[in-house]
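Residue numbers (the working numbering): 17 to 126.
Working notes, structure below.
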């Protein structure tokens with residue numbers, strides 16, 4: 017699996033990184049590129065760097081859709097705690113043109 021940093025959003029005492037995940041998977045007998053998202057929150061507390069990450073792979077076969085998703089997540093400062101719910105809502109509302117079938121039925125949270 018490959019990871020490409022797409023966006024960083026900083027607040028006063030923490031920052032959130034949004035990355036596009038790329039991974040090859042077999043679908044209907046063909047090897048395809050599937051894309052997902054990883055959200056990492058980093059903050060310093062009492063001199064210690066704390067990090068929290070949530071990765072959701074295999075959301076779409078369109079890298080552009082995932083890059084747009086990363087931008088929207090960053091604009092709304094979505095954190096690892098809520099990213100799965102936000103993506104589930106996007107998929108359920110049909111906001112992806114090229115979703116991977118049955119994404120809502122998969123438990124592929126990393």
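Just so it is clear, CB atoms sit at the ideal spot from N, CA and C, and this is done for glycine as well.
Just so you know, these numbers come straight off a predicted model, no measurement behind them.
Rounded straight-line distance, which links the Cα of residue j to that of residue i
i	j	result
residue 25	residue 97	16 Å
residue 30	residue 75	27 Å
residue 71	residue 85	13 Å
residue 89	residue 34	8 Å
residue 32	residue 49	25 Å
residue 51	residue 42	13 Å
residue 87	residue 57	16 Å
Check whether residue i and residue j have beta carbons under 8 Å apart
i	j	result
residue 91	residue 69	no
Cβ shell of residue i (< 8 Å), same chain only, five flanking positions each side left out
i	result
residue 18	37, 38, 39
residue 93	25, 27, 32
Worksheet item: Just checking, does the region 58 to 67 make contact with the region 75 to 86 on the three C-beta pairs under 8 Å criterion?
Response: No: the two stretches stay apart, fewer than three of their Cβ pairs being nearer than 8 Å.
Worksheet item: Which whole runs of the alpha helix (DSSP H) in the region 49 to 121 are 4 residues long or more, in chain order?
Response: Whole alpha helix (DSSP H) segments, 4+ residues: 79 to 91, 99 to 108.
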